[in-house]
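S.K.:
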Amino acid sequence: MYVKNMSFDPMATAVDWLDAYRAGDVETILDMFADDAVICCDCGGTKVLMGRKALHAYWVDRLRRDPAFEMDDLQPSSNEIRISCFTGSGLVNAVLTLSGVGQIRKLSCGPSDCGEG
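Under the working numbering, think of the first position of the sequence shown as 61, with each following residue one higher.
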């Protein structure tokens, strides 16, 4: 289970998120998100999701139809981490915006041909 710490490594948080995504571990993924987290996804149409129930439904569907494989790139940028990985539909860019305690406050993602996630 993901542990919320006052001190965290943003790069490790991004790698932990991708590891949980690759493992298909919905509960670990959800535990990484803040209570008020938002997902803005441009994969297969634009979606904006809030609330644990909506995030859960998103991840169950996402893991079923578009699992993640290997990481392509990982770049820190202030309180954000930009990560790209190969999925069943190709290269996806994601930006994780993190809280001060290392939780994901916002996930923005989209196919690599959309520019930045």
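The beta carbon of each residue, even a glycine, is placed where N, CA and C say it ideally should be.
For VAL120, does the three-state DSSP call read helix, strand or coil?
M.R.: One-based indexing of the sequence shown puts residue 120 at position 60. Note: VAL120 maps to helix in three-state DSSP.
S.K.: Hey, out of ILE141, GLY170, LEU151, whose CA is closest to PHE129's CA?
M.R.: The sequence position of residue 129 within the sequence shown is 69, counting from 1. Out of ILE141, GLY170, LEU151, LEU151 has the C-alpha closest to the C-alpha of PHE129.
S.K.: Rounded to a whole number of angstroms, what is the C-alpha to C-alpha distance between ILE143 and MET110?
M.R.: Taking the sequence shown and counting its residues from 1, one reaches residue 143 at position 83. Taking the sequence shown and counting its residues from 1, one reaches residue 110 at position 50. Taking the straight line from one Cα to the other gives about 21 Å.
S.K.: For SER137, list the residues DSSP reports as bridge partners.
M.R.: In the sequence shown, counting from the first residue as 1, residue 137 sits at position 77. Answer is GLU140.
S.K.: Output the boundary residues of the beta strand (DSSP E) element that contains ASP95.
M.R.: Residue numbering aside, residue 95 sits at position 35 when the sequence shown is read from its first letter. Element bounds for ASP95: 93 to 101.
S.K.: What are the boundary residues of the beta strand (DSSP E) that VAL152 is part of?
M.R.: To locate residue 152, count along the sequence shown from 1; it is residue 92. VAL152 -> beta strand (DSSP E) spans 150 to 158.
S.K.: Check this for me: beta carbons of GLN163 and ALA114, under 7 Å apart or not?
M.R.: Looking up residue 163 in the sequence shown gives position 103. Looking up residue 114 in the sequence shown gives position 54. It is not a contact, given that the beta carbons lie outside the stated cut-off.
S.K.: Helix, strand or coil for PRO70? Go by DSSP, reduced to three states.
M.R.: Taking the first residue of the sequence shown as position 1, residue 70 is located at position 10. Note: PRO70 maps to helix in three-state DSSP.
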